[in-house]
Amino acid sequence: MQFETTTCIAKRHRELLNYYADAFGISVSDFITSLIHYAVLCNKQNPKIFKGIQYRKRRKEQWERIHLYVRYNEYEFLLDMKKIWKMSVALLIEYCIENVLDEFVTRLSEEDDTYSYRFRSYTFKFEKVYGFESFQIIWGLPPEIMEKT
């Protein structure tokens, strides 16, 4: 099942995304989710706490609307990163383009990291930490779950 979501990005960023998605033979949506996933795996941003969601500065004349077609689990991943990094989806994309894109493209040139189901095994782990209820978001199957099966 796919979701469609719409956001606005800078025209120059849209051109970059189109260029690289075409160069690697994938959709712009898959390129964006792969880029953000790579940024998360490489810890390119620390989680933010006690802050609200940040949005980009208004530069309406420089923006272009983009439609993203993402799988349900990718959409959930984007929402989680929005909460964890405290950035709107548009700002997530902008941050990753400006801070991670070059490294990501180099990595993609060396090895394909755009497979479609990287978010498939999405689980939560609930526990008490220092007396507080907490949970972990786990992208992938934790080893202790695999041992029980």
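The sequence shown begins at 32 in this note's numbering and counts up by one. From the three backbone atoms N, C-alpha and C, an ideal C-beta is built for every residue, glycine too.
- The C-beta separation of I97 from I40 comes to about 6 Å, placing the pair in contact by the 8 Å criterion.
- The Cβ atoms of T36 and Y106 sit closer than 9 Å to each other.
- If you check the CB distance, Q85 and K117 come in under 9 Å.
- DSSP, read as helix, strand or coil, puts E141 in helix.
- Apart from the 5 residues on each side of it in sequence, F155 sits with its Cβ closer than 8 Å to the Cβ of F166, Q167, I168 and I169 in its chain, given in chain order.
- In the DSSP assignment, I97 forms a beta bridge with T38.
- Between L66 and L109, the C-beta gap is not smaller than 9 Å, which leaves the two residues out of contact.
- Assigned with DSSP and collapsed to three states, V136 falls in helix.
- Distance between Q93 and G162, taken at the CA atoms: about 49 Å.
- Sixteen is the threshold: when 16 or more other Cβ atoms of the shown chains lie within 10 Å of the Cβ of T64, as they do, the residue is buried.
- The residues W116, in chain order, have a CB closer than 6 Å to that of Q76 in the same chain once the five nearest residues on each side in sequence are set aside.
- Judged by DSSP in its simplified three-state form, S119 adopts coil rather than helix or strand.
- In this chain, the alpha helix (DSSP H) harbouring S65 covers V59 to L72.
- Contact between A121 and R90 is ruled out by a C-beta separation of about 11 Å, above the 8 Å threshold.
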